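Asker: Residue 5 is where the sequence shown starts when you use my numbering, and the numbers rise one by one after that. Where is the CB? At the ideal position from N, CA and C, for every residue including glycine. Keep in mind it's a predicted model, so treat the numbers as computed, not measured.
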Amino acid sequence: MDHFDEFISRKNTDSVKWDAISQTYHMDDLLPLWVADMDFLAPQGVIDAFENYLQKGIFGYSIVPDGLYRSVVDWEQKHHHVTLTKNDVLFTSGVLVSLSMALQAFTAPGDAVLIHDPVYPPFGAIVEKNERQLIRSSLNKRAGHFEMDFQDMEEKIISKKIKAIILCNPHNPGGRVWTKKELKQLSDLCLKYDVFLFSDEIHQDIVFSGHEFTSMQTIDPTLSRLLITFTSATKTFNLAAIKNSMVFIKDPDLKNRFIKQLEKNQHQGINTFGLLGTQAAYETGEEWLKELLVYLEENVEEVITFFAEHLPDVEVMKPEGTYLMWLDFSAYTQDDRLLEKQLIKKGKVVLNPGISFGPSGHSHMRLNVACPKSVLREGLLRIKRSFID
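Here it is, written out as structure tokens:
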């Protein structure tokens with residue numbers, strides 16, 4: 005597990021996380037704890053698969069190998085108790101691309117689509133750019149974590165004539181791993197009002213001890229006529245650049261409609277490195293993932309301890325999954341622009357502004373802990389300097 009402690013410089017590699025800072029903030033001495041990828045080497049089995057492919061020196065068109073289907077089906081069954089067949093699996097270049105395709109295939113311009121607040125910012129952007137009506141349902145904060153407000157959701161389903169709901173499970177930015185009971189309530193709402201459910205489960209494998217991920221696919225078989233599920237190996241194994249994701253659709257009619265939308269957009273082809281990397285990750289990366297989860301939990305505990313000792317007025321939401329932490333700085337400032345400026349100018353550290361996740365993100369920041377402990381500790385000291393001279 006010591007290999008996660010190794011610092012590998014990503015500067016001047018065209019990294020969004022490390023190199024886009026100078027373009028965004030026009031400063032070169034900032035430490036990034038923002039964009040949701042990891043500062044760790046990918047599993048060795050993935051690197052080996054890429055190297056073997058590169059040695060051949062020919063980079064023509066590729067088909068989806070049967071071994072990739074098997075690796076996906078086996079992984080979902082073993083780790084998440086999801087029973088799939090090859091016929092249930094489609095490949096695309098990313099979860100967000102797939103989500104946009106689903107909106108186009110199953111809703112119409114002007115239709116109302118519900119997302120939670122706060123939640124991953126591209127959800128709202130995709131809804132609005134596809135000319136759908138964006139409706140937000142605020143999550144309630146109870147017992148140190150987020151909970152869905154089912155009464156509010158039902159009222160909005162009725163009053164706004166909601167056509168689809170986008171779910172983030174596990175939740176970004178709060179790190180909530182929704183329980184079977186909660187997901188059953190959501191499923192019942194969708195079935196009662198005939199609402200499509202688009203479930204983004206890309207963080208499915210990053211779940212901490214004491215918690216268990218539950219896929220929407222396991223909740224109620226009758227939901228399959230309304231359910232599209234998205235996931236990827238890229239978040240789990242730090243492979244964001246390979247551009248590959250899976251779409252799980254069990255209902256034949258839904259699947260055919262989704263495929264037609266892919267064909268309209270000529271989106272059938274997948275990056276060969278995405279195919280190779282996904283299969284290699286699922287076939288060789290299990291031990292790497294086990295070690296990663298231990299390391300991430302240690303980092304989470306270090307963050308909690310640090311704030312309790314040095315900035316106790318910052319409310320830290322302990323994640324149940326993901327490598328992202330939700331921090332409430334409202335005791336220090338009610339001005340979102342001032343909060344970001346203080347961290348940037350005084351602390352020289354970059355976090356994701358909470359307000360970008362929706363109105364409920366006011367006075368919050370999102371912290372990425374998927375980095376070596378040395379980087380995390382330096383980042384925490386910089387956050388402290390932002391508020392304490």
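On the premise that Ile169 lies in contact with Leu201, defined as a C-beta separation below 8 Å, what is that separation, rounded to the nearest angstrom?
Answerer: Along the sequence shown, one-based indexing puts residue 201 at 197. Along the sequence shown, one-based indexing puts residue 169 at 165. Contact flag correct, Cβ pair sits at about 5 Å.
Asker: With distances taken Cα to Cα, identify the nearest neighbour of Arg180 among Pro113, Lys167, Arg146.
Answerer: Position 176 of the sequence shown, counted from the start, is the residue given in the question as residue 180. Minimum Cα distance to Arg180 is reached at Arg146.
Asker: Sort out for me which residues DSSP pairs Gln137 with in a bridge.
Answerer: Within the sequence shown, the letter at position 133 stands for residue 137. According to DSSP, Gln137 bridges with Ala116.
Asker: Please tell me whether His83 and Thr222 are closer than 8 Å, where the distance is taken between their beta carbons.
Answerer: Working through the sequence shown from its first residue, we reach residue 83 at position 79. Working through the sequence shown from its first residue, we reach residue 222 at position 218. Contact flag unset, no.
Asker: Nearest by alpha-carbon distance to Asn173: which of Asp339, His120, Lys164 is it?
Answerer: Residue mapping note: residue 173 aligns to position 169 of the sequence shown, counting from 1. That would be His120, whose Cα lies nearest to the Cα of Asn173.
Asker: Got a sec, what are the start and stop residues for the alpha helix (DSSP H) Glu319 sits in?
Answerer: Position 315 of the sequence shown, counting from 1, holds the residue named residue 319. Segment 319–321 is the beta strand (DSSP E) holding Glu319; no alpha helix (DSSP H) there.
Asker: Can you give me the C-alpha to C-alpha distance between Leu34 and Cys194, rounded to a whole angstrom?
Answerer: Sequence index remark: in the sequence shown, residue 34 carries index 30 (1-based). Sequence index remark: in the sequence shown, residue 194 carries index 190 (1-based). About 44 Å.
Asker: Would you mind listing the alpha helix (DSSP H) stretches within the stretch 57–95 that are 4+ residues and don't spill past its ends, in chain order?
Answerer: Here the runs fully enclosed are 70–84.
Asker: Which same chain residues end up closer than 8 Å to Phe361 when comparing Cβ atoms and leaving out the 5 residues on each side of it in sequence?
Answerer: Position 357 of the sequence shown, counted from the start, is the residue given in the question as residue 361. Contacts found: Asp121, Pro122, Val123, Tyr124, Pro125, Pro177, His368, Arg370.
Asker: Does DSSP put Phe8 in a helix, a strand or coil?
Answerer: Mapped onto the sequence shown, residue 8 falls at position 4. Reduced to three states, the DSSP call for Phe8 is helix.
Asker: Shortest alpha-carbon distance to Tyr286 belongs to which of Tyr65, Ala374, Leu72?
Answerer: In the sequence shown, counting from the first residue as 1, residue 286 sits at position 282. The residue with the shortest Cα to Cα distance from Tyr286 is Leu72.
Asker: Decide yes or no for the touch test of the stretch 133–140 against the stretch 234–241: beta carbon pairs closer than 8 Å, at least 3 of them.
Answerer: Touching, no, given that fewer than three Cβ pairs across the two stretches are closer than 8 Å.
Asker: Can you tell me which of the three DSSP states Ile206 falls into?
Answerer: The residue labelled residue 206 in the question sits at position 202 within the sequence shown. Residue state, collapsed to three classes: coil.
Asker: In chain order, what residues of the same chain have a beta carbon less than 7 Å from the beta carbon of Asp6, not counting five sequence neighbours either side?
Answerer: Along the sequence shown, one-based indexing puts residue 6 at 2. Nothing listed; no residue qualifies.
Asker: In the DSSP assignment, what are the bridge partners of Val251?
Answerer: Here residue 251 is taken as the residue at index 247 of the sequence shown, counted from 1. Answer is Leu94, Phe234, bridged to Val251.
Asker: Can you tell me whether Met152 is helix, strand or coil according to DSSP?
Answerer: The count along the sequence shown starts at 1 and reaches residue 152 at position 148. Looking at Met152 - three-state DSSP - the assignment turns out to be coil, as it is neither helix nor strand.
Asker: Taking buried to mean at least 16 other C-beta atoms within 10 Å of its own C-beta, is Val373 buried or exposed?
Answerer: As a position in the sequence shown, residue 373 is number 369, starting the count at 1. That one is buried.
Asker: What's the gap between the Cα of Ser334 and the Cα of Asp43?
Answerer: Stepping through the sequence shown from its first residue, residue 334 is reached at position 330. Stepping through the sequence shown from its first residue, residue 43 is reached at position 39. If I take the Cα positions, the gap works out to 29 Å.
Asker: Alpha carbon to alpha carbon, what distance is there between Lys165 and Asp115?
Answerer: Here residue 115 corresponds to residue number 111 of the sequence shown, with the count starting at 1. Here residue 165 corresponds to residue number 161 of the sequence shown, with the count starting at 1. Computed Cα separation, rounded: 8 Å.
Asker: With contact counted as at least three CB pairs below 8 Å, one residue from each stretch, are the stretch 326–333 and the stretch 270–284 in contact?
Answerer: No, because fewer than three Cβ pairs between the stretch 326–333 and the stretch 270–284 fall closer than 8 Å, the two stretches do not touch.
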